[in-house]
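Residue numbers (the numbering used here), protein chains in the order written: chain A, 1 to 292; chain B, 293 to 521. Using N, Cα and C, we set each Cβ at its ideal position, and we do this for glycine too.
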């Protein structure tokens with residue numbers, strides 16, 4: 001199994017710090033979510049991890065080999081980019097065969113079966129594909145590459161609901177059949193939440209949070225009820241988001257829900273619910289001071 | 293090695309569009325002249341019209357860099373494949389004139405004036421050295437254009453302008469156009485023998501080869517740290 005590690009990686013574009021002193025390790029066989037608002041540095045980080053961009057400082061290693069010195073180790077990594085870099089003159093089926101040149105484990109039969117499932121014509125030219133089908137083509141090659149590490153940048157960009165569902169199912173089936181390290185960068189958090197084991201939240205180029213999804217969701221709960229009673233309950237608790245509607249208020253509290261909390265809430269006639277990953281993400285990235 | 297070979301073939305296949313375009317233009321021109329009977333029929337490949345292909349290939353050589361990088365082709369392999377493809381193109385363009393003359397000459401009264409014959413009129417510019425000189429000139433040009441292509445790809449606009457200006461200066465100098473004593477003298481110092489006032493074809497060949505190797509070396513250094521666009 002392949003391990004990919006990033007150490008103190010930084011990249012500036014003029015005055016903008018796109019990636020700022022990022023360090024992380026992707027452990028083999030886990031599915032990570034790379035989350036962040038627009039401009040948080042997700043795509044830049046993925047491009048730096050695959051030597052498409054060169055860092056100002058820091059290093060990326062694949063199985064402890066620095067990619068700056070040994071870029072051949074990147075054959076262990078498939079990066080589904082957010083852009084289409086394929087030449088306009090090559091047909092889809094030709095691209096599949098080309099992919100096999102760089103990824104010897106590429107499963108051509110599997111790629112062809114996926115193309116049939118998504119109704120992607122193998123005689124189509126990449127330049128003629130719609131945004132959705134262009135994404136599908138890149139996703140198919142990422143899945144069929146069988147690389148030990150697969151990085152997905154916006155894997156559902158432009159896909160309709162049916163294709164998104166099909167892609168998630170294929171992703172899970174692919175992972176179950178051949179476990180690998182997967183990193184998914186996306187804005188459709190709730191859709192992908194079921195698949196993720198761990199989330200990495202980027203904010204202004206820095207890692208603001210890295211935590212297993214279950215731990216994160218268990219560490220946040222929502223409490224709702226009459227405004228004054230909710231206010232009393234949250235007075236000494238860390239609140240990361242709240243909404244007020246008429247005389248009622250709903251607040252998101254960042255801590256584990258203990259039996260003492262529940263008892264106190266029941267006395268105040270409050271209602272407790274679990275929150276979704278997307279709501280936690282919005283609350284965390286919207287607020288100053290909650291995340292580092 | 294297999295990957296390098298495959299990528300080199302991909303590049304050559306891409307550059308062949310330039311060759312086909314050039315051959316098409318030349319053929320249409322010659323056939324047009326033949327049917328219109330406008331004076332003597334002359335080959336348009338005189339003065340090295342095949343340079344158009346070299347310019348296309350050299351400058352076009354970064355076109356698929358991002359494509360191959362998206363699949364993590366090591367930069368060294370990309371470099372070797374592209375260098376080999378451009379070398380092959382230098383060979384193709386060297387052979388294109390005589391081939392045209394041979395093929396078209398069978399049906400039309402075409403006379404091909406090779407670039408070596410044109411530049412070394414005062415010499416008996418035939419034989420192995422004339423061929424080598426032509427080849428080294430093509431190779432030098434294609435690697436210079438590759439270098440320019442990389443500079444443009446990296447977005448180093450002003451650097452590429454400086455390189456183009458230096459090459460324009462060299463071209464003027466080599467054509468015997470005065471550039472002013474100080475500037476011309478400096479150029480003579482740096483580039484003496486590159487064309488060598490059209491007298492010494494052997495020295496000129498060696499200098500052009502050296503120039504081509506230097507350009508190829510700089511291309512490698514630049515390519516190692518070129519991000520994708």
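Practice task
Verify the CB distance criterion: does residue 356/B have a CB-CB separation below 8 Å to chain A?
Solution key: Closer than 8 Å: yes.
Problem - Cutoff 7 Å; reference residue 1/A; Cβ partners in own chain excluding five residues on either side - result: 28, 29, 148
Practice task
Could you tell me the boundaries of the beta strand (DSSP E) in which residue 220/A lies?
Solution key: 220–226
Exercise for the section: Reducing DSSP to helix, strand and coil, say where residue 78/A ends up. Expected result: Strand.
Exercise for the section: Quick one: give me the first and last residue of the alpha helix (DSSP H) that residue 131/A is part of. Expected result: 131–144
Practice task
Give a yes or no on whether 8 Å exceeds the smallest Cβ distance from residue 107/A to chain B.
Solution key: It does not: the Cβ of residue 107/A has no partner Cβ on chain B nearer than 8 Å.
Practice task
Go through its chain and collect everything with a Cβ distance to residue 378/B's Cβ below 7 Å, but skip five positions before and after it.
Solution key: 349, 350, 353, 434, 435, 438
Exercise for the section: Can you have a look at residue 104/A and say buried or exposed, based on whether 16 or more other CB atoms are within 10 angstroms of its CB? Expected result: exposed
Handout entry: Alpha-carbon spacing of residue 47/A relative to residue 500/B, whole angstroms
Key = 39 Å
Practice task
Let me know the beta strand (DSSP E) ranges lying completely inside the region 45–110 of chain A, each 3 residues or longer, listed in chain order.
Solution key: 57–62, 77–80
Problem - Any C-beta of chain A under 8 Å from that of residue 390/B - result: no
Exercise for the section: Identify, in the order they occur along the chain, each residue of the same chain with its Cβ nearer than 6 Å to the Cβ of residue 336/B, setting aside the five sequence neighbours on each side. Expected result: Residue placement at residue 336/B cannot be trusted, given a pLDDT of 45 that sits under 50; the coordinates are not used to answer.
Practice task
Please check if any C-beta of chain B sits within less than 8 Å of the C-beta of residue 52/A.
Solution key: True, the Cβ-Cβ gap to chain B drops below 8 Å.
Exercise for the section: Determine the direct distance from the alpha carbon of residue 458/B to that of residue 338/B, and round the result to whole angstroms. Expected result: In this prediction, residue 338/B has a pLDDT of 48, which is less than 50 and means its spatial position is unreliable; nothing more can be read from the coordinates.
Handout entry: DSSP three-state assignment for residue 359/B, whether helix, strand or coil
Key = Three-state DSSP puts residue 359/B in a helix.
Exercise for the section: Examine chain A for any beta-carbon lying closer than 8 Å to the beta-carbon of residue 517/B, and answer yes or no. Expected result: yes
Practice task
Answer with yes or no whether the minimum CB distance from residue 364/B to chain A is below 8 Å.
Solution key: Yes, contact with chain A.
Exercise for the section: Per DSSP, which residues does residue 121/A bridge with? Please list them. Expected result: Paired residue(s): none; residue 121/A is not in a bridge.
Handout entry: CA-to-CA distance, residue 59/A to residue 242/A, given in whole angstroms
Key = 40 Å
Handout entry: Contact set for residue 468/B: own chain, Cβ-Cβ below 6 Å, skip 5 residues either direction
Key = Bear in mind that the predicted position of residue 468/B carries a pLDDT of just 48, short of 50, making it unreliable; the figure below should be weighed with that in mind. If we look at residue 468/B and ignore the five residues flanking it on each side, it has no Cβ neighbours.
Exercise for the section: Could you tell me which chain A residues have their CB closer than 7 Å to the CB of residue 359/B, listed as they occur along the chain? Expected result: Neighbours of residue 359/B in chain A, taken as residues at a C-beta separation under 7 Å, are given in chain order as 85, 86, 87.
Handout entry: Environment of residue 293/B [buried if 16+ CB atoms lie within 10 Å]
Key = exposed
Handout entry: Secondary structure of residue 40/A, DSSP reduced to three states
Key = Here DSSP, grouped into helix, strand and coil, assigns residue 40/A to coil.
Problem - Below-8 Å beta-carbon distance, residue 296/B vs any chain A residue - result: It does not; no Cβ of chain A falls within 8 Å.
Exercise for the section: Compare the C-alpha of residue 198/A against each of 31/A, 156/A, 277/A, 142/A and name the closest. Expected result: 31/A
Practice task
Following the continuous alpha helix (DSSP H) through residue 189/A, name the residue where it begins and the one where it ends.
Solution key: 189–193
Problem - Contact set between residue 367/B and chain A, taken where Cβ atoms lie within less than 7 Å - result: Those within 7 Å of residue 367/B in chain A are 71.
Handout entry: chain B contact for residue 22/A (CB, 8 Å cutoff)
Key = no
Practice task
Pair every Cβ in the region 77–88 of chain A with every Cβ in the region 352–367 of chain B, then say whether three or more of these pairs are closer than 8 Å.
Solution key: Yes, the region 77–88 of chain A touches the region 352–367 of chain B.
Practice task
Please name the residue in 4/A, 22/A, 194/A whose C-alpha comes closest to that of residue 206/A.
Solution key: 22/A
Exercise for the section: Answer with buried or exposed for residue 134/A, where buried requires no fewer than 16 other C-beta atoms within 10 angstroms of its C-beta. Expected result: buried
Exercise for the section: Under the assumption that residue 210/A contacts residue 34/A (Cβ atoms under 8 Å), give the Cβ distance between them as a whole number of angstroms. Expected result: No, residue 210/A and residue 34/A are not in contact; Cβ-Cβ is about 10 Å, not under 8 Å.
Handout entry: C-beta neighbour in chain A for residue 520/B, strict 8 Å
Key = yes
Handout entry: Opening and closing residue of the alpha helix (DSSP H) in which residue 498/B lies
Key = Taken as a continuous stretch (DSSP letters only), the alpha helix (DSSP H) holding residue 498/B covers 493–516.
Handout entry: Among 448/B, 398/B, 387/B, nearest to residue 430/B - alpha-carbon criterion
Key = 387/B
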